[in-house]
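Participant:
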Amino acid sequence: MSLKESIMSRLEQFIAADVTGYRKKFLGLFVKVKEFTVGQIHDLLSEEYQVTRNEVASMIGYIQSKVGILKSHKESYKTPTVYTVKDEYVSLINNCLKNVSAI
């Protein structure tokens, strides 16, 4: 199994466990804007869903460590961590979101 196939499989599993719909929204936001802090994504998701900041941080951590489509950057110890979608995975995320929406 290639790396992209493995990532696609993990993404599909992540989305399949989405009972509320905010995981799909979360990934969609990353595709559109490509760069967020935990606080920014929490603010956007909490407009539509009841989601805690810890849940958002946990999702980001899972996506970064297990799925591997995010990278993080921190300007200094005083600034929040900024998470960015790796460019090579934007189309993969879009395809995964379309496949799940079609089902």
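Counting in the numbering used here, the sequence shown runs from 13 upward without gaps.
Beta carbons are placed, not taken as given, at the ideal position from N, Cα and C, and that holds for glycine.
Every value quoted in this text rests on a predicted model; they were computed, and no experiment measured them.
#1: Output needed for T93: all residues of its chain with C-beta closer than 6 Å, excluding positions within five of it in sequence on either side, in chain order.
#2: Measuring alpha carbon to alpha carbon, tell me which of G73, M13, D55, S18 ends up nearest V97.
#3: What does the Cβ neighbour count give for V11, buried or exposed, with the cut at 16 atoms within 10 Å?
#4: Assign Y95 to one of two classes, buried (16 or more other C-beta atoms within 10 Å of its C-beta) or exposed (fewer than that).
#5: From the DSSP output, in three-state form, read off Y95 for me.
#6: Using the C-alpha atoms, what's the distance from L82 back to K90?
Facilitator: Here's the rundown:
#1: Counted from its first residue, the sequence shown places residue 93 at position 81. Taken in chain order, the residues that qualify are S84, K86.
#2: Reading the sequence shown from its first residue, position 85 is the one you call residue 97. Out of G73, M13, D55, S18, G73 has the C-alpha closest to the C-alpha of V97.
#3: A question about residue 11 goes unanswered here, because the residues of the chain that appear run from 13 up to 115.
#4: Locating residue 95 in the sequence shown gives position 83, where the first residue counts as 1. Classification for Y95: buried.
#5: One-based indexing of the sequence shown puts residue 95 at position 83. Residue state, collapsed to three classes: strand.
#6: On the sequence shown, residue 90 is found 78 positions in, with the first residue counted as 1. On the sequence shown, residue 82 is found 70 positions in, with the first residue counted as 1. So the two alpha carbons sit approximately 21 Å from each other.
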